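Each step along the sequence shown adds one to the number in this note's numbering, with nothing skipped, and position 140 is 237.
All C-beta atoms, glycine included, are put in the ideal place defined by N, C-alpha and C.
A quick note: this is a predicted structure, and the numbers were derived from the prediction, not measured.
Here the structure is laid out as structure tokens; the discussion comes afterwards.
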Amino acid sequence: MVETKNIHSEKILIIDFGSQVTQLIARRVREIGVYCELMPWDCDVQFMKDFNPNGIILSGGPESTTEAGSPRAPEWVFEANVPVLGICYGLQTMSMQLGGKVEGSTHREFGYAAMDLVEACPLFDGLSDHDGQKKLDVWMSHGDKVTIIPEGFKVAGKTDTCPYAAIYNEEKQYYGVQFHPEVTHTKQGAEFLRRFVIDICKLHGLWSPSAIIEDAVKTIKEQVGDSKVLLGLSGGVDSSVTALLLHKAIGSNLTCVFVDNGLLRLNEGQQVKDMFEGFGLNIVYADAEDRFLDALKGKSDPEDKRKAIGHTFIDVFADEARKLQGVDYLAQGTIYPDVIESAASKTGKAHVIKSHHNVGGLPDDLKFKLVEPLRELFKDEVRRIGVELGLPVKMVQRHPFPGPGLGVRVLGEIKKEYLELLRKADDIFMQELNSSGWYDKVSQAFTVFLPVKSVGVMGDGRRYDYVVSLRAVQTVDFMTAKWAELPYDLLGKVSNRIINEVNGISRVCYDISGKPPSTVEWE
Ligand code: XMP
């Protein structure tokens, strides 16, 4: 039998100087097939050493190396005897630390630049974006620039405004680029990164969906052994993939609890049942609609509603957990960006938070150990392994749905009647988005119920009925978002159908607010 290689035996360390796109570097490296971790530049050096990387990437960052006290790469980076790639700020600090010079500039370069290739450098050899010319289209975003390169370095690329757009020291295997290869605007960015990770760091690319699954299954088995594991299954991508991985590893020792909080979309509970039927999972369905609606009675403040929903979830989940005997572990679908973010917000250091993300608030009699099989994975990796595990592509590509569900999409106090109207209207919007092909072109779309009545005319009579608003946004990270320019004929069709088919709604609006200043959700 051929021995399968440990997928963590090849790894790249990404030292984060705080750029907005550092996570993109990590995602690109993973796409190339190599495991990587992000660590902040001021993280404990021993921790970096223990990681024992095969190569190091220094990220971009918002600061200026010319300012006193600005971040530096730990000196260990240049003693570790592995290839180093500096990107933007990473290039500048590397240049400075190795004896070169960086100067501030009043001119900020932002956007495309054509880089002339001046020396045969292994990162770029043979590449061209301009027929017959040694030129590459790259994406720049910087103010400062390197003005003297360190001894032993050669220039690989330059632009009209940036004489050292790419430099390298072949003997030491140090490379630096002023542009951003991780963004798709740099056309050959993925290829430069592949050359660095695979050719220069001499790695093979062991990180693939099937290998990740195999590794996760092995790790889960080692961690939980014969113990029983409990998982809250929402039907979202993360909990669904967590469920399938655990099921593959421990079979019937996994019990999933699906809480129907009465705030789900049309037929959602049934769809989750149908989806998992074929997988043979142990699923307990807790029909808790009445408990949630009771808890929400009289509450109209969004934060009060969120708290009531959160507390009721814990209560229902705890009741179900108590009914099951001998459960030692609680599984959670925590993913890598949650790990990085919670670490950054707590301590600024990504690695110190190994035990973060407890389902906050479970009562004291329920003390579980945690198993979090997705905590190394980015969302796109979770989706890929979901498909590999047999989840329908449509399901893994679904828009995000907030935990409090329709509870924050019926404005003000929740009533069952409002939820029912909203479910029908939202289902029509989703059907039309899907059939027009727009579902996949927007990042999130949904309908909001406004508990106000407006007048309408139906046949001979006047109708005094409720209003809904459609919302569709496009965004990369949900921190900012633009409203989607859905075609008028699509909006018109959705509006006609809702008013004709949903008895109780007489007016449909389209939300044309961006984030900021508005948020994606209305509450
Ligand atoms: P906002 O409204 O903050 O939404 O612009 C950004 C993203 O977060 C989702 N969201 C939530 N998700 N619990 C969740 O699990 C919540 O309370 C919540 N509020 C907003 C929202 O759907 C969007 O994807």
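Between the C-alpha atoms of Gln422 and Lys466 there is a straight-line separation of about 15 Å. If you check the C-beta of Lys579 against ligand 1, you find no heavy atom less than 7 Å away.
Nearest neighbour of Ile411 by Cα position, chosen from Phe373, Cys606, Asp425, Leu459, turns out to be Leu459.
With a cutoff of 8 Å on beta-carbon distance, Val617 and Ala569 are scored as not near each other. About 17 Å separates the Cβ atoms of Val338 and Ile104, ruling out a contact at the 8 Å cut-off. Distance from the CA atom of Asp435 to the CA atom of Arg559, rounded to whole angstroms, is 51 Å. Exclusion of the five residues before and after Val493 leaves Val334, Arg480, Gly483, Val484 as the residues of its chain whose Cβ lies within less than 7 Å of its Cβ.
The DSSP assignment places 325-329 as complete runs of the beta strand (DSSP E) inside the region 294-352, in order along the chain (cut-off: 3 residues).
DSSP lists His239 as the beta-bridge partner residues of Glu206. Straight through space, the alpha carbons of Ala211 and Pro584 are spaced by roughly 36 Å. Fewer than three pairs of CB atoms, one per stretch, sit closer than 8 Å, so the region 256-268 makes no contact with the region 152-160. Shortest gap from the CB of Phe575 to any heavy atom of ligand 1: under 7 Å.
Within the region 170-199, the complete beta strand (DSSP E) segments at least 3 residues long are 181-184, listed from N- to C-terminus.
By the Cβ neighbour-count rule, Gln120 is buried, with 16 or more other Cβ atoms within 10 Å of its own.
Looking at the DSSP output, Thr572 sits in no beta bridge, so it has no partner there. Sequence-distant Cβ neighbours of Ile596 in its own chain, meaning closer than 7 Å and more than five residues away, are Ile602, Ser603, Val605. Runs of the alpha helix (DSSP H) lying entirely within the region 351-392, each at least 4 residues long, are 365-374 in chain order. Take the alpha-carbon of Ile112 and the one of Ile310: they are about 27 Å apart. When secondary structure is reduced to three states using DSSP, Leu467 falls in the strand class. Beyond the five residues adjoining it in sequence on each side, Cys298 comes within less than 6 Å, by CB distance, of Asn151, Gly152, Pro180 in the same chain, given in chain order. In the structure shown, Tyr563 adopts extended strand secondary structure according to DSSP, grouped into three states.
As far as DSSP is concerned, Ser161 takes part in no beta bridge. With contact defined as three or more Cβ pairs closer than 8 Å, the region 545-554 and the region 506-513 are in contact. Proximity of the beta carbon of Glu618 to ligand 1 is indicated: a heavy atom of the ligand is located closer than 7 Å. Within its own chain, the residues whose Cβ lies closer than 7 Å to the Cβ of Ala522, once the five positions on either side in sequence are excluded, are Thr544, Val565, Ile595, Val599, Ile602, listed in chain order.
It is roughly 8 Å from the alpha-carbon of Val294 to the alpha-carbon of Val131. Residue environment analysis places Glu319 among the exposed positions, since fewer than 16 neighbouring C-beta atoms fall within 10 angstroms of its C-beta. Relative to ligand 1, the nearest heavy atom lies less than 7 Å away from the CB of Val505.
Contact between the region 142-149 and the region 225-244 is absent: fewer than 3 CB-CB pairs across the two stretches fall below 8 Å. The beta-carbon separation of Leu351 and Leu343, rounded to 5 Å, stays under the 8 Å limit for a contact. Residue nearest to Ser592 within the set Arg205, Thr316, Val539, Gln528 is Gln528 (criterion: CA-CA distance). For the pair Lys231 and Asp257, the CB atoms are not nearer than the 8 Å cut-off. Secondary structure note for Glu134: its beta strand (DSSP E) is the uninterrupted segment 132-137.
Beta-carbon to beta-carbon, Leu463 and Ala418 are separated by about 6 Å, close enough to satisfy the 8 Å threshold.
Relative to ligand 1, even the nearest heavy atom lies 7 Å or more away from the CB of Pro614. Around the CB of Val356, 16 or more other CB atoms lie within 10 Å, so the residue is classed as buried.
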